[in-house]
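**Student:** Residue numbers (my numbering): 58 to 188.
Structure, rendered in structure tokens:
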């Protein structure tokens with residue numbers, strides 16, 4: 058997976074996204090986005106307001122993240138329509154144990170990064186009458 062250097066800061070157990078936007082000492086950090094989790098707008102707002110809550114979309118991906126040799130392997134949680142996103146390093150937990158706000162996800166190298174689409178509606182099977 059490609060790596061990116063961004064100016065940012067991973068916060069330990071931040072409770073909501075506003076904390077991630079505080080003027081803390083931003084510094085260059087190395088990240089490797091291992092998967093993009095694309096949510097609906099409502100799901101993203103709920104996640105952003107409750108970073109410490111166990112999230113069903115993080116559970117199957119929690120073991121993909123971690124820190125090794127100066128690089129944070131993380132998930133990018135975002136939506137189709139938003140330019141920003143939140144980088145998450147679960148460290149094996151079901152919530153955003155470490156998180157970093159990214160104002161422009163296009164600043165990340167996302168080539169060949171798989172996307173899980175949690176924003177797609179499931180197709181409902183048609184009833185017999187509709188066929």
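The beta carbon of each residue, even a glycine, is placed where N, CA and C say it ideally should be.
Leaving aside the five residues before and after residue 72 along the sequence, list all residues of the same chain whose C-beta is less than 7 Å from its C-beta, in chain order.
**Tutor:** Indexing the chain shown from 1 puts residue 72 at position 15. Hits under 7 Å: 108 and 109.
**Student:** Between the C-alpha atoms of residue 124 and residue 130, what's the straight-line distance to the nearest angstrom?
**Tutor:** On the chain shown, position 67 is the one that residue 124 refers to. On the chain shown, position 73 is the one that residue 130 refers to. Approximately 6 Å between the Cα atoms of the pair.
**Student:** So what's residue 188 in DSSP terms, helix, strand or just coil?
**Tutor:** Your numbering for residue 188 matches position 131 in the chain shown. With a pLDDT of 42 at residue 188, under the threshold of 50, the predicted position of this residue should be treated as unreliable, though the coordinate-derived value follows. Coil.
**Student:** Assuming residue 142 and residue 133 make a contact with CB atoms under 8 Å, what is their CB distance in whole Å?
**Tutor:** Locating residue 142 in the chain shown gives position 85, counting from the first residue. Locating residue 133 in the chain shown gives position 76, counting from the first residue. The pair is a contact, with the Cβ atoms about 5 Å apart (cut-off 8 Å).
**Student:** Would you say residue 63 and residue 159 are within 8 Å of each other, going by their C-beta atoms?
**Tutor:** Locating residue 63 in the chain shown gives position 6, counting from the first residue. Locating residue 159 in the chain shown gives position 102, counting from the first residue. Against a cut-off of 8 Å, the Cβ pair of residue 159 and residue 63 comes out as a contact.
**Student:** Less than 8 Å between the C-beta atoms of residue 119 and residue 147, yes or no?
**Tutor:** Against the chain shown, residue 119 aligns to sequence position 62. Against the chain shown, residue 147 aligns to sequence position 90. The answer is yes: Cβ separation under 8 Å.
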